[in-house]
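Position in the sequence shown counted from 1, then plus 278, gives you the numbering used here. Using N, Cα and C, we set each Cβ at its ideal position, and we do this for glycine too. Inspection log for the structure reproduced underneath, given as structure tokens.
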Amino acid sequence: MGIKCDHCGEINRNQAFCTNCGQVVSSDLKARYESQNLGDAEKIQYEPHQPVNSEDQLLPKPGQLVDLIAVSASAYKQNFKSFLILALVNGIPALLIGLIVRALLETETISFQDLQQYGDSQLSEKFLLELKTILTWKIFTILIFVLISPIAKLISATAIIVGAAQFANSEKVSPIVCLNYSISRLGRLIILSLFLIGLLIIPIALSLIWIGIPILIYLLVRWLFAWSSMVLDNTGIKRSIQASWDLVEKRWWITFGVSLAILILTLLPIILLTLISSNLKSDLILLILDVFVGALISPFQFIVTGIYFLSLKKFPKS
Numbered sequence: 279m280g281i282k283c284d285h286c287g288e289i290n291r292n293q294a295f296c297t298n299c300g301q302v303v304s305s306d307l308k309a310r311y312e313s314q315n316l317g318d319a320e321k322i323q324y325e326p327h328q329p330v331n332s333e334d335q336l337l338p339k340p341g342q343l344v345d346l347i348a349v350s351a352s353a354y355k356q357n358f359k360s361f362l363i364l365a366l367v368n369g370i371p372a373l374l375i376g377l378i379v380r381a382l383l384e385t386e387t388i389s390f391q392d393l394q395q396y397g398d399s400q401l402s403e404k405f406l407l408e409l410k411t412i413l414t415w416k417i418f419t420i421l422i423f424v425l426i427s428p429i430a431k432l433i434s435a436t437a438i439i440v441g442a443a444q445f446a447n448s449e450k451v452s453p454i455v456c457l458n459y460s461i462s463r464l465g466r467l468i469i470l471s472l473f474l475i476g477l478l479i480i481p482i483a484l485s486l487i488w489i490g491i492p493i494l495i496y497l498l499v500r501w502l503f504a505w506s507s508m509v510l511d512n513t514g515i516k517r518s519i520q521a522s523w524d525l526v527e528k529r530w531w532i533t534f535g536v537s538l539a540i541l542i543l544t545l546l547p548i549i550l551l552t553l554i555s556s557n558l559k560s561d562l563i564l565l566i567l568d569v570f571v572g573a574l575i576s577p578f579q580f581i582v583t584g585i586y587f588l589s590l591k592k593f594p595k596s
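Written out as structure tokens, the structure is:
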């Protein structure tokens, strides 16, 4: 199974980008034809289709922040329902996990007011004694949900990035196709995440004394597109990391500035939510609001990531 590039005619297999010219492969990220042997040109049977102009959705050049925001907002607006569905892949589990963990711990944990009743000498002993009242199965259940949450986030984020690639290729965003791409690479995506966390342990530790903060920020920007490379280019772990590193080379400051601007932009609704929640006494309402706002914001964040990744691939380093 493969896809013919509309730009150069190269046959690509299970990739979102042409291995020859680097253009986004069209046809809704699905194969146009089936062949027993991709190397045998005589056996390839092409399905009739209308040529797709990959320039229909113009990708902004790296550093063009206003254009990047405009294109990403347009993608979100035109495919709002699809991106919202992909965001809820993480949002619904996050809400359920929050409700379940809250219910499990509601009557078992020690309140801060209770801890204040004991002196320092009594605190450790009393805390350990009370902690033993939490049943083992509850702890085990909570740990399972804690593990589910980042996996759901990973699936949702990478699926939205695939959706951004579909939009960039003038196609309707399909949640099924996006999730299929993400889930089919889930094992490698998890290993990639764990591997990068391992590489960042020392910079994270050094950042506690401020020394490692510049190093940590530098590495985060250089490796930001490793997940995009894996889910769209179907690369391996090392190749994904190297691809992200190479794309940002000579464009680190531009990428850092764009990332910082988008981060600030998406933090504004969260800050507003924090101000509103300061007057709320219900943890349940706060949890629902947090999940709701997150489900609305996260698509834009990862659409920007996907569009910017495509821009880095399309435009050569200056």
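{"query": "In chain order, each alpha helix (DSSP H) run of at least 4 residues that lies wholly inside the segment 435-489", "result": "453-462, 464-485"}
{"query": "7 Å Cβ cutoff met for S522 and P340", "result": "no"}
{"query": "Whole-angstrom distance between L497 and L478, CA atom to CA atom", "result": "8 Å"}
{"query": "Inter-residue CB distance, S434 and L510 (contact presumed, cutoff 8 Å)", "result": "That belief does not hold up - the Cβ atoms of S434 and L510 are roughly 16 Å apart, past 8 Å."}
{"query": "Pairwise C-alpha distance: I375 and K416", "result": "13 Å"}
{"query": "Close Cβ partners of Q314 (< 6 Å) along its chain, the five nearest in sequence each way excluded", "result": "In this predicted model, Q314 has a pLDDT of only 35, less than 50, meaning its place in the structure is not dependable; the value taken from the coordinates is given anyway. Once the five neighbours on either side are set aside, Q314 has no close Cβ partner at all."}
{"query": "Cβ pair V582, I540 closer than 7 Å", "result": "yes"}
{"query": "Between the CA atoms of L464 and A430 - distance to the nearest angstrom", "result": "10 Å"}
{"query": "Cβ pair S555, L545 closer than 7 Å", "result": "no"}
{"query": "Pick from I468, R500, S507, I585 that is closest to L425, judged by C-alpha positions", "result": "I468"}
{"query": "Contact under 7 Å by Cβ, T513 with S507", "result": "yes"}
{"query": "Cβ contact (3+ pairs, closer than 8 Å) linking the segment 344-364 and the segment 441-450", "result": "yes"}
{"query": "Outcome for C286 when other beta-carbon atoms lying within 10 angstroms are tallied against a minimum of 16", "result": "exposed"}
{"query": "Residue interval of the alpha helix (DSSP H) (run including R500)", "result": "491-500"}
{"query": "Residue from I378, I549, Q342 with nearest C-alpha to S427", "result": "I378"}
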